[in-house]
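Accompanying notes for the structure given below.
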Amino acid sequence: MDSASIRRKFLDFFENKGHKIVPSAPLVLKNDPSLLFTNSGMVQFKDYFLGNSVAKFKRIADTQKCLRVSGKHNDLEDVGLDTYHHTMFEMLGNWSFGDYFKKEAIAWAWELLTEEYKLPKDRLYVTVFGGDKNDNLPVDEEAKELWKQFVSEDRIIHGSKKDNFWEMGEQGPCGPCSEIHIDLRPESEVKKKPGKELVNSDHPQVVEIWNLVFIQFNRLASGALEPLPDKHVDTGMGFERLCMAIQGKTSNYDTDVFRPLMDFIANEAGVNYTGSTEGKSDIAIRVTADHIRAVAFTIADGQLPSNTGAGYVIRRILRRAVRYGFSYLNFKEPFFHKLVPVLANQFKDVFPELHQQIEYVTRVVLEEEVSFLRTLERG
Ligand code: SER
């Protein structure tokens, strides 16, 4: 299945279950002082969870552009060095605003993964919240019982607050969560060590793919948890990782989500991409392919690179890419901007905002890289 079909299947599946399909919100947040960027699918629905406004549809699904490069959720330093973290990624999500809760969220996630996408059941593990003394919260026995209908108990793992209690930021909607992890290692490796022992241990082929959050609280500035008037569901599935699993790859960058960019970069640099996590040129190709997505989509969503705030974060990402290209791919002339049309064409039907501003975004990236290359050349 190519990535477009994988995305389509997710949206169709939830549309058939009564969900309204909505567009992605912009990456840039202009009126939420608690966040610089949209870091997860639920951000655009925050006010529904908090009860500040009423959702027009009680069930929604979408694919959301997300950026995890600042604040509580920040993956920037891992990007390029490993094969499964990104600055900008797509999060497939389904939501219930005071409608269905754990039972349906769990049953549907299992149905979609195993019956529609046909992922092997014996490679899937699930985690549930193991409770937390400081917050006075119990083990999520309800989620555990529900999972037992689908997976044997030895595949259900108790997780800590760090992994199994989702919070949007220092403040805001939150709740216990249940994650689905997949073991993509070859059979010979699996025989030596069960995947269960590698869940949540940063193994590149035993990765979380889907997080089902059961939103029940608001974290206040004081740190206290305030129960919300209603219970909600917020799920987020890493689209690029899902494609890796379905397409039988061991790296997100080997899927058709990244191949057009990866091939273009390798070709321009005149190098072969081998997929290693050690080789500098391989790392640089991944960094460049990843970072253009964050930079181009953010500029298209209205954030110019600058010296402060969100603009500074974008400038730093752009410079990280240009520096890797300059140092390890021998790009001494402006190159990064050439990736904008490749990306825009690829995502024309998913996030058309980039394609609609292709010349503008290309020009902004070019100006930035020209000025930074001058600095690099001066040493
Ligand atoms: N908010 C959760 C996450 O980002 C699920 O969507 O992982």
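Reading the sequence shown from the start, the letters are residues 4 to 382 in the numbering used here.
Glycine included, every Cβ here is placed at the ideal spot set by N, Cα and C.
None of the values given here were measured: they were computed from a predicted structure.
Of all C-beta pairs linking the segment 55 to 75 to the segment 14 to 24, three or more are shorter than 8 Å, placing the two stretches in contact.
Taking 6 Å as the cut-off, one finds no heavy atom of the ligand SER near enough to the beta carbon of D166. Note that the segment 184 to 204 touches the segment 244 to 256; at least 3 beta-carbon pairs, one per stretch, sit closer than 8 Å. Rounded to whole angstroms, the gap between the alpha carbons of F338 and R262 is 18 Å. Non-local beta-carbon contacts of L223 in its own chain, meaning distances under 7 Å to residues more than five positions away in sequence, involve Q174 and E229 in chain order. Residue state for K196 is assigned as coil, using DSSP reduced to three classes. When the Cα atoms are used, I159 and G198 turn out to be separated by approximately 12 Å.
Contact check between the segment 325 to 344 and the segment 44 to 55: fewer than three CB pairs, one atom from each, fall below 8 Å, which does not count as touching. Taking a 10 Å sphere around the C-beta of V368, we find 16 or more other C-beta atoms and assign the residue as buried. In its chain, beyond the 5 residues on either side, M91 have a beta carbon closer than 6 Å to the beta carbon of R296.
With contacts defined as CB atoms closer than 7 Å, F100 and H235 qualify as a contacting pair.
Under the criterion of beta carbons closer than 8 Å, S181 and V131 qualify as touching, at roughly 5 Å.
If you draw a straight line from the Cα of L122 to the Cα of I249, it is about 7 Å long.
For S374, the secondary structure class from DSSP, reduced to helix, strand or coil, is helix.
Per DSSP, the beta-bridge partners of T130 are I160 and E182. Here F104 carries a coil assignment [DSSP, helix/strand/coil]. When the beta-carbon positions are compared, G305 and V31 come within less than 7 Å of each other. Boundaries of the alpha helix (DSSP H) around P263: R262 to A272. In summary, N348 is exposed, with fewer than 16 beta-carbon neighbours lying within 10 Å of its beta-carbon over all protein chains present.
For D237, the enclosing beta strand (DSSP E) stretches over residues L228 to G241.
In this model, E170 and G282 are separated by some 36 Å (Cα to Cα). Distance between F300 and K194, taken at the CA atoms: about 42 Å. By the 16-neighbour rule on beta-carbons within 10 angstroms, P308 is buried.
Annotation for Q67: no alpha helix (DSSP H) segment contains it, though the beta strand (DSSP E) segment containing it runs R62 to L70. In the DSSP assignment, N19 falls within the alpha helix (DSSP H) that extends over S6 to N19.
Where V216 is concerned, the enclosing beta strand (DSSP E) starts and stops at V209 to R222. For F168, the enclosing beta strand (DSSP E) begins and ends at F168 to E170. Close CB contacts of L231 within its chain, under the 8 Å cut and outside five residues either way in sequence, are with F52, L53, G54, P176, I218, Q219, F220 and N221 (chain order). Burial of Q360 is indicated by the presence of at least 16 other C-beta atoms within 10 angstroms of its C-beta. For N310, there is no enclosing alpha helix (DSSP H), as DSSP gives it neither H nor E. For N97, the Cβ stays outside the 6 Å cut-off from all heavy atoms of the ligand SER. Taking H161 as reference, the option from D138, E148, V142 and F153 with the minimal CA-CA separation is V142. With a threshold of 6 Å, the Cβ atom of W213 does not count as near the ligand SER, since no heavy atom of the ligand is closer than that.
Per DSSP, Q359 is one residue of the alpha helix (DSSP H) stretching across P355 to Q359.
Using a Cβ-Cβ distance cut-off of 8 Å, the segment 268 to 288 and the segment 145 to 160 are not in contact, since fewer than three pairs of beta carbons, one from each stretch, lie closer than that value.
CA-to-CA, the gap between S163 and V216 works out to about 14 Å.
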